[in-house]
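Residue numbers (our numbering), protein chains in the order written: chain R, 1 to 132; chain L, 133 to 218.
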């Protein structure tokens, strides 16, 4: 009788532990590896080599464009040039510079997304083994 | 021993069905209370398998990355031209 009870308890315990182990999440993502076919490696390497420089340029532009009028190339600097042209009665030049400031403002708004996209590419490059 | 085995069984079985209560969201300070329930008719989203241990980088993926980088470079070039006064 005791043997039957012990066997029953062992079965219940085994089933319970099996259920627990079945539902424990596994972290299989960490073991994922991606390989680049040989014919694509030169392209991938060339692409990855471009990314650091582009990221640096994004940072430079994100710093320069919103800076004050004393910073050459900033939006405020272009607007000041437009005011100077207006003061000299060069209306067309002033209009062009104001348009340029507007387009630069739009470009500035695009830069964070471009930076994120480039960082994503850089992450991919690192995962592919093309460290940048 | 028997109590232990039953306890493990209860924990295992109740743990599997946990977190099934519908969330209740109270918006702002108003008295409106929205109860969101997942309709039973809506099929559950298929969860991608995470068991793959290796994969091959495809040309389509590479082309997509190149497109992304080219697009960023075009915007940077245009911005440089505009802010340099060219």
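All C-beta atoms in this analysis are idealised placements derived from N, C-alpha and C, irrespective of residue type, glycine included.
When L:215, L:188, L:216 and L:203 are compared, the shortest CA-CA separation from residue 115 of chain R is found for L:203.
The C-alpha of residue 54 of chain R lies about 35 Å from the C-alpha of residue 86 of chain R. Assignment of beta-bridge partners to residue 34 of chain R by DSSP yields L:187. For residue 127 of chain R, the enclosing alpha helix (DSSP H) begins and ends at 91-128.
Residues of chain L with a Cβ closer than 7 Å to the Cβ of residue 84 of chain R do not exist; the shortest Cβ-Cβ separation is about 13 Å. Within the same chain, and ignoring the five residues on either side of residue 77 of chain R in sequence, the residues whose Cβ sits closer than 7 Å to its Cβ are 69 and 71.
Taking a Cβ-Cβ threshold of 7 Å, the residues of chain L close to residue 57 of chain R are 208, in chain order. Out of R:109, R:75, R:89 and R:98, the CA that lies nearest to the CA of residue 82 of chain R is found in R:98.
For residue 88 of chain R, not one C-beta of chain L is nearer than 8 Å to its own C-beta.
Within chain R, no residue has its CB atom less than 8 Å from the CB of residue 192 of chain L, the nearest being about 11 Å off. Taken through DSSP and simplified to helix, strand or coil, residue 74 of chain R comes out as coil.
Not one beta carbon of chain L lies nearer than 8 Å to the beta carbon of residue 93 of chain R. The beta carbon of residue 45 of chain R does not come within 8 Å of any beta carbon belonging to chain L, so the residue lies off that interface. For residue 66 of chain R, the secondary structure class from DSSP, reduced to helix, strand or coil, is coil. Spatial neighbours of residue 94 of chain R in its own chain (CB-CB distance under 7 Å, excluding positions within 5 residues in sequence) are listed in chain order as 82, 85 and 86. Residue 57 of chain R sits in a helix when the DSSP states are folded into three classes.
At a cut-off of 8 Å between beta carbons, residue 76 of chain R makes no contact with chain L. Residue burial annotation: residue 64 of chain R is buried, with at least 16 other C-beta atoms found within 10 angstroms of its C-beta.
Within the stretch 103-122 of chain R, those residues whose Cβ lies closer than 7 Å to any Cβ of chain L are, in chain order, 103, 104, 107, 110, 114, 117, 118 and 121.
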